[in-house]
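Sequence order for the protein chains is A and B.
Using the working numbering, you'd call the opening residue of the first sequence number 748 and step up by one each time.
Using the working numbering, you'd call the opening residue of the second sequence number 7 and step up by one each time.
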Amino acid sequence: MAVAGGSPNPNIIGARLRVAAMTPPSAHPDADLLTAFAEHCLNEPERAKILEHLAQCAVCRDVVYFAQPEDDAALKPVQAPVQTHWFAGRRLQWAALAASLSMIAAVAIFLRTNPERMAQYAPATTSPVANKEAQPQGNLQNEGAGATYGTSPAAQSAENPEAMRRESNLKAPEALQKAVPGGTGAGSVGKLSRDEADAAQAGFKGAATFDDKEAAKRGYEFNFERKDAKTETNAGTAGEVNGLVATNGSTAGDKDHLFDLRRQKVQGGPSANTSNANANQNKIQNQTNFDLDRNAESYNGNIPAPPPPSPAAKPDSVEMSQSSSAPASSTSASITSGTRSAPVQAQASAKPVAVTHGVVPAEEARKKKPETIPAQSTAQATEETVAVAGQAQEVDRISDAKISDQSVMAASSGQSARTSKNLPLNGRSATTLATLAPGAAGTSAITGWRIHRGRVQERLYGIWHNAVVGTQPTSNNSGTLGGLGLTQTPQLHFSGVTAMGANVWTVQAIGRGQSSLAVYHSRDVGVSWQPSILTAPGTLNPDAQVAIKFTDALHGEVTLSTGEKWQTSDGGAQWKFVK
Amino acid sequence: MVSKAQPAVSAWQRALFTELFSQSGAAKYGLSAEAFAACLAEVAAKYLSAKAREGEIRQFYKCLKVEELALTRGCVAGNEAAWTEFLNRYRAPLYQAARAIAHDDVLGRELADSLYADLYGIRTRENEGAEVRVSKLSFYMGRGSLEGWLRTVLTQEYINRYRTQKRLVSIEEENEQGVQFAAPASEPAASADPRLDAATDAALAQLDAEERYILASYFLDQRTLAQIARSLGVHESTISRKVERIVKELRKKIVQALVRGGMSSRAAEEALECDVRDLAVNVSEKLRPPPVQESEPGSFQSLEGED
């Protein structure tokens, strides 16, 4: 016990206490009272008397001290007073609850009264248009070589479309600096708030070429620098940002719209997308998985020179019709994220770009064992179309003509850069690829489809993503997706999915009182979907199990556990009720 | 043991005694209800004032350890069942407490055995023409637990033994303790300001009993905070805060008293920083028992030379 400084000398107190103890009381309390005192059984007057005596009598103090049990079993447990937390009060708890509710209500009102915000934060699953819009169409020219898109290993957000969408808002921060007015009118960028834009500008300012670790680190730093740090920023752009040009950036004054690439028109329609579907998927995978390529070489531009950009691929021309296939080997650095249903359209840039997107699955990133899919293909490469930093490098062995959609692949294979060397199997499961249906492995990095809680999910490099099953009923906008033509059947629940190469069929779950089923067919690995209605003579049992299977790209059937069956012989365009 | 005076017992008291008799299990020790009621009345007469009200008396009786009180009274009466129960229940704790007090197994067992003799009552006294065995258990009044009471009695016995045997220290033991190298008695130092003594005494007198008990236990007995806290039934942090607060108040009061006595504030502060050895009071010398002649170094050396 440390006596506070400034206190009187304790020896003085002890000395005077000894003086007082020199005349001890003649009568000592009996053993009963001392025992009762030690056991705290005395009433207050008796306790005061005993204390008065004990203050003077050292002998009785010794007796009390020695008489105490060692284990305190006979004594009442001496506990420190319970210090209740100030927030533990029932009233304060209710106050906290009320405050939380009011906060939620305020946010809801704010979002409702601010439609732009609401659109920005709308869930991707409920708004297909928003998904498509949120599709990072950041057709950015990477003018510098060796631009590296090292992203943070927080690849979990790849499964979060909203986070990815918000990340896409930062995909062209350097546009503030360069503000290339090459954006077409179709690409209305600008949903990023001014704060975010400013923060992004500040965050990316001065960013030079980083290696992967630095890029990741800087990415995190940028996250902190952002004023609106609700999402993980696009750390990938922590690479050589100076080399990135937002081709769709309007003007510097439009920086409010500079980073919102959701409004940009997609380069190429669905068909064009499918021409490079695999590239898009790979690109998305690269984006969503937040590459953390440890291979410094790959980041430093040791990548085979991309094919010359297509002359049709102008920075301004982001509008692409379905008929006009996009150049599959676009070298534009598409800093994209977003959902799988919104593939990135790489845009050809004027300068060759050597960019690498390392792919790190979320699980592996968490294990800090990132794996890389460098741009270079290896000799052991399987047939794949690998979208690397905006360019699609289709690996050779396209001889698999089993791919159902020959036209799609033709568009892709004809223009893609085929490099058959140095594409490692690292990062991909050869076993998984081997078990795929014929044609699937050759065209897609998607290694599986499933139904999860009523949602269609696709497996991209080991990560399951929700696939937005939408329809594109018309191409009234010159066939552009742009935004716009996609509609999604909201809140649909699916009960079965099957894939055959690039063809994917998914069948809707049966609702109450429903006499028909909807089967959605995608010819481009889930990029676009076309519905077909399977009508039945009577009401279907909502508890019936639905199964769909295809023996090839044309012949398939949908069966219910209650006995109903539909068959198709044209790939799902027409279905015939059999039983 | 039967009390001499039988005070008037009201009806509620009688009902209460009957209830306590049934609770105590005194019947199995051969005690009648009347004998137990007389025992209870004796306890109340010892600790309760004559002006105690009914509520206080009821509360007092309720707090008594009537079961253990009946056991001791059975032992005093020589009931075999009571002694069997007593030995079964308290023999081991008694030896354990004795060992803990004496810090030695042999001494502890010896201490416990001596207490057994007193508890059984080897001494007799004449009571109404008959020789009555005097048992120490008859002094147990049931205010605290019997085990605690036994520990207290053991402690008192141990202290008495220590006091009586302290002077009987062998020369070899003193030699081992280095008595021959004892420092010469220092010259009495110059006395400090007597006003400081008076002010300190006055400040100490203003403290209540518990505060003085805490200070005495802490500064005089060198007890730990945990030991003091256990004796008072509070947490040791409470004692820590109390000690700090009491010392601060003491300093404040002493300074005020010194200032009132004509001392400046600075001088009062300096006076508080004086060494206690500067005080005129040599308390330890006065509390210490007179030195034993045999322990003088000179005599020790002479005895050693004689050997």
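Ideal Cβ placement from N, Cα and C applies to all residues, glycine included.
Whole-Å CB distance - residue i paired with residue j, under 8 Å assumed
i               : j               : result
residue 1242(A) : residue 1254(A) : 6 Å
residue 779(A)  : residue 95(B)   : Not really, about 18 Å apart at Cβ, beyond 8 Å.
residue 802(A)  : residue 222(B)  : 6 Å
residue 1292(A) : residue 1308(A) : 4 Å
residue 216(B)  : residue 798(A)  : 5 Å
residue 99(B)   : residue 153(B)  : 6 Å
Alpha carbon of residue i to alpha carbon of residue j, nearest angstrom
i               : j               : result
residue 776(A)  : residue 46(B)   : 20 Å
residue 1313(A) : residue 843(A)  : 57 Å
residue 1247(A) : residue 1288(A) : 28 Å
residue 1266(A) : residue 1315(A) : 11 Å
residue 1282(A) : residue 1204(A) : 25 Å
residue 1273(A) : residue 1323(A) : 24 Å
residue 983(A)  : residue 1210(A) : Only weak support exists for where residue 983(A) lies, its pLDDT of 39 falling under 50; the coordinates are left without a value.
residue 277(B)  : residue 206(B)  : 11 Å
residue 170(B)  : residue 213(B)  : 34 Å
residue 1318(A) : residue 1285(A) : 25 Å
residue 254(B)  : residue 260(B)  : 10 Å
residue 1067(A) : residue 849(A)  : Reliability fails at residue 1067(A), whose pLDDT of 36 lies under 50, so the model's placement of it is uncertain and the value that follows must be treated cautiously. When rounded, the distance between both Cα atoms is 47 Å.
residue 124(B)  : residue 241(B)  : 37 Å
residue 18(B)   : residue 224(B)  : 46 Å
residue 16(B)   : residue 52(B)   : 18 Å
residue 813(A)  : residue 166(B)  : 13 Å
residue 140(B)  : residue 794(A)  : 30 Å
residue 1239(A) : residue 1278(A) : 12 Å
residue 245(B)  : residue 852(A)  : 51 Å
residue 855(A)  : residue 841(A)  : 21 Å
residue 44(B)   : residue 158(B)  : 25 Å
residue 1304(A) : residue 859(A)  : 45 Å
residue 1258(A) : residue 846(A)  : 40 Å
residue 792(A)  : residue 67(B)   : 16 Å
Residue i beta carbon near the ligand HEM (any heavy atom closer than 7 Å)
i              : result
residue 227(B) : Among the ligands in the structure shown, none appear at all, so the ligand HEM cannot be discussed.
Residue-level contact to chain B via CB, residue i, 8 Å cutoff
i               : result
residue 785(A)  : yes
residue 791(A)  : no
residue 781(A)  : yes
residue 774(A)  : no
residue 1207(A) : no
residue 857(A)  : no
residue 909(A)  : The pLDDT assigned to residue 909(A) is 48, lower than 50, so where the model puts this residue is not dependable; a value taken from the coordinates is nonetheless given after this. By this cut-off, residue 909(A) is not an interface position.
residue 778(A)  : yes
residue 840(A)  : no
residue 815(A)  : yes
residue 854(A)  : no
residue 808(A)  : yes
residue 848(A)  : no
residue 1201(A) : no
Residue-level contact to chain A via CB, residue i, 8 Å cutoff
i              : result
residue 151(B) : yes
residue 69(B)  : yes
residue 21(B)  : no
residue 239(B) : yes
residue 216(B) : yes
residue 222(B) : yes
residue 226(B) : yes
residue 63(B)  : no
residue 157(B) : yes
residue 268(B) : no
residue 233(B) : yes
residue 162(B) : yes
residue 236(B) : yes
- Message: When you compare the region 14-27 of chain B with the region 67-76 of chain B, are there three or more beta-carbon pairs, one atom per stretch, that lie closer than 8 Å?
- Response: yes
- Item | the region 104-117 of chain B touching the region 32-50 of chain B, judged by at least three CB pairs closer than 8 Å | no
- Message: With a threshold of 8 Å, are at least 3 pairs of Cβ atoms found where one atom belongs to the region 802-813 of chain A and the other to the region 228-239 of chain B?
- Response: yes
- Message: Assess contact between the region 76-94 of chain B and the region 53-60 of chain B, defined as three or more Cβ pairs (one per stretch) separated by less than 8 Å. Is contact present?
- Response: no
- Query: Taking any Cβ of chain A, which residues in the region 93-116 of chain B have a Cβ under 9 Å from it, in chain order?
  - Reply: 99, 102, 103, 106 and 107
- Report the residues of the region 121-146 of chain B with a CB closer than 8 Å to any CB of chain A, ordered along the chain. 145 and 146
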